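Reviewing the structure listed below.
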Amino acid sequence: MKKLKKLVATTLLLTLTSFLIKSVAVSFNVYLTDKIGAAGVGLFSLITSVYMLFKTLAISGMSLAATRLNIEYPGDTRSIMNRLLICGITLGGFAGILLFSLSGLCADKWICDSSATMPLKILSLSLPFISLSAVFSGYFTAIRKMARYSLVQVIEQISRISIAVGCLNLLIGYGEKVAVCGITAGITASEAVSFLCCLSIYLFDKRKLNKKHTSIQFIRKFLRIAVPDSLGSVLRSGLNTIQHLLVPISLRKSGFSQVQSMSDYGIIHGMALPIVLYPSSLLGVLSGLLIPEIAECYRKKDNKEISYITSRVLTATFIFSIATAGIIAGFSKELSLAVFNTEDAAGFLKLIAPLIPVMYVDMTTDGILKGLDAQLTIMKINILDSFLCVMLVLLLVPKTAMPGYIFTIYAGEVVNFILSFSKLKKTASFKIGVGKNIILPLISVTAAVFTAKAVLSGIISAESSLGTAAMITVAAILDLVIMTITGCISREELHWFKSIFY
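Read left to right, the sequence shown gives residues 1 to 502 (this note's numbering).
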């Protein structure tokens, strides 16, 4: 009980930071769309897809290994961190050299645009910093000091956007493809800033760490934790990269022009999905914090606490995700106009919104499973999910265009969710009420959205950002009131939540 209260309180604190970061990121996407257009955003998204493959290789399970090893051996932190940092610089350096060497090939053969070569070379310089920062992230998670890391992330985001905007303004006159180099320069510089901040905090902490050196089989322990997570992440990232690169190609085969295929791809990945994933900041933070809490309970074989935490967290995730899906679907047009000043993303928002509960619950489920030492299972599921998506893009999109791609997104997420959730049911005991936690929240958010729009549509202009925010706020408050009245959220749960702060 105490662990869960502390977990929720920390989650809320970090979520505020995460929302701030994502708000800035979404605003930056709007700025990019205005500066380089949907096609330019599409090109940048493809470059990012290739970059993410090598970024995943650079991280290679470092964060999870740092978290788990520091929890399992709390008296040997200094020795463990020294060895992890050596692993980090080795893997990050290798990934950086590999991307730098293959940037021309990736640009010509994968992205089919030689102008992507220089941005990829610039991004390759960030990989050693990213790998080392991942080690520090795992360390901060293990010692329950994520508030420090959240501050580092804010500094990183500010530096990223500041440098990117400055470079973009200098290079925009040379065309959108050259301007992308400025954006990637901002990313690389911000990763260096993030690493330096993490290093400074760790060196301050290091003075307080004891110098005990216990005899542990570090390599065996490290490989057991990191390899499944790393292998799964790299393979999934590779398949995701292939999938993203195939989408514009498959759309062209369906009859789309080069510009149209890149524009539609940019609208989905640069406009619609950032809005869909924006509220997931809460769950992203929660998923990361669950790993050390569940891992410690798992080490102590405290099955009762695992069951309690899992039930509470999954219940909250279902309710939150269903409410988010209803609000995004109900205000899809208003959100697209308010954020991007165009209705282009509205249709895709409405199509993807029903998938939000599946996506969000899967995030939480993965965090719990990692804490239960089930990273090998997650690896297998992620690989299967990504392989399925690649095959569907190859088979469906050339024949059905965008409907086929939307179906592909659904198929991958649903399959991943079913397999992950089934594994969790076999591993941990928890209770989820279909009526109380799924059906009632769905009815509640539907009623709240329709009521808010009906009452306020003649009073507030939904075409403005302020008007949209006001309508969504009213809908969210109505949803909370209805859920409380119907018993979807019980008085006991409200008292429990209040007790976190008293």
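Beta carbons: idealized from backbone N, C-alpha and C, even for Gly. Here the structure is a predicted model, which is why all the values come from computation and not from measurement.
Item	Value
Return the residue from the list ASN29, GLY238, LEU171 and PHE140 that minimises the CA-CA distance to PHE54.	GLY238
Leaving aside the five residues before and after PRO248 along the sequence, list all residues of the same chain whose C-beta is less than 6 Å from its C-beta, in chain order.	SER261, MET262 and TYR265
Output yes or no for whether 8 Å exceeds the beta carbon distance between SER280 and TYR410.	no
If you run the structure through DSSP and keep just helix, strand and coil, what is ARG144?	coil
How is the alpha helix (DSSP H) around ALA411 delimited, first residue to last?	402 to 427
Look at MET62 and GLY88 and say whether their C-beta atoms are less than 8 Å apart.	yes
Residues in its own chain within less than 6 Å of PHE129 by CB, not counting five upstream and five downstream?	GLU191, ALA192 and PHE195
By DSSP, does ASN341 sit in helix, in strand, or in coil?	coil
Do three or more CB pairs link the stretch 322 to 331 to the stretch 382 to 401 at distances below 8 Å?	no
State the Cα-Cα distance for the pair LEU46 and LYS300, rounded to the nearest angstrom.	45 Å
For the alpha helix (DSSP H) that PRO119 lies in, which residues bound it at each end?	117 to 124
When you compare the CB positions of GLN243 and VAL393, do they come within less than 8 Å of one another, or not?	yes
For PHE100, which residues from the same chain have a beta carbon less than 7 Å from its beta carbon, with the 5 sequence-adjacent residues on both sides left out?	LYS121 and SER124
Ignore the nearest five residues each way along the sequence and tell me which others in PHE318's own chain have a CB closer than 8 Å to its CB.	PRO357, VAL361, ILE432, ASN437, ILE438 and PRO441
Do THR468 and ALA338 come within 8 Å of each other at the CB atom, strictly closer than that value?	yes
Could you tell me the distance, in whole angstroms, from the CA atom of ILE500 to the CA atom of ILE368?	Confidence in ILE500 is poor, its pLDDT being 49 and thus under 50, which makes the residue's placement unreliable; the coordinate value appears in the next sentence. Approximately 21 Å between the Cα atoms of the pair.
Would you say the stretch 158 to 171 touches the stretch 179 to 191, given that touching needs at least three Cβ pairs under 8 Å?	yes
Between LEU132, ILE406 and ALA226, which lies nearest to TYR202 when the distance is taken from Cα to Cα?	LEU132
Got a sec? Which residues, its chain only, sit under 6 Å from LYS177 by beta carbon, not counting five neighbours each side?	SER115
Less than 8 Å between the beta carbons of ALA66 and GLY182, yes or no?	no
Can you tell me which of the three DSSP states PHE28 falls into?	helix
Here's a check: name, in chain order, each residue in its chain whose Cβ is nearer than 7 Å to the Cβ of LYS206, leaving out the five neighbours to either side.	ARG78
Among PRO354, ALA447, PHE417 and THR486, which one has its Cα closest to the Cα of ILE406?	PRO354
Assign LEU246 to one of two classes, buried (16 or more other C-beta atoms within 10 Å of its C-beta) or exposed (fewer than that).	buried
Given that a residue counts as buried once 16 or more other Cβ atoms are within 10 Å of its Cβ, and exposed if not, what is PRO119?	buried
Determine the burial state of ASP34: buried for a count of at least 16 other Cβ atoms within 10 Å of its Cβ, exposed for fewer.	exposed
Should LEU424 go down as buried or exposed, given a rule of 16 or more other Cβ atoms within 10 Å for buried?	buried
Quick check on GLY40: does DSSP put it in helix, strand or coil?	helix
Please tell me whether MET483 and GLU334 are closer than 8 Å, where the distance is taken between their beta carbons.	no
Are the CB atoms of LEU43 and ASP108 nearer to each other than 8 Å?	no
Taking the alpha-carbon positions, what's the TYR502 to ILE309 distance?	Caution is warranted here: a pLDDT of 49 is assigned to TYR502, below 50, making its placement in the model unreliable, and the coordinate value is therefore given only provisionally. When rounded, the distance between both Cα atoms is 20 Å.
Quick check: the Cα distance between ILE36 and ALA179, rounded to an integer number of angstroms?	8 Å
Given a cut-off of 8 Å, decide if LEU84 and VAL135 are closer than it, judged by their beta-carbon atoms.	yes
When you compare the CB positions of LEU372 and ALA428, do they come within less than 8 Å of one another, or not?	yes
Excluding sequence positions up to five away, which residues of its chain have a Cβ less than 8 Å from the Cβ of CYS307?	Note that residue 307 corresponds to Ser in the displayed sequence, not to Cys. Around SER307: ALA428, SER429 and PHE430.
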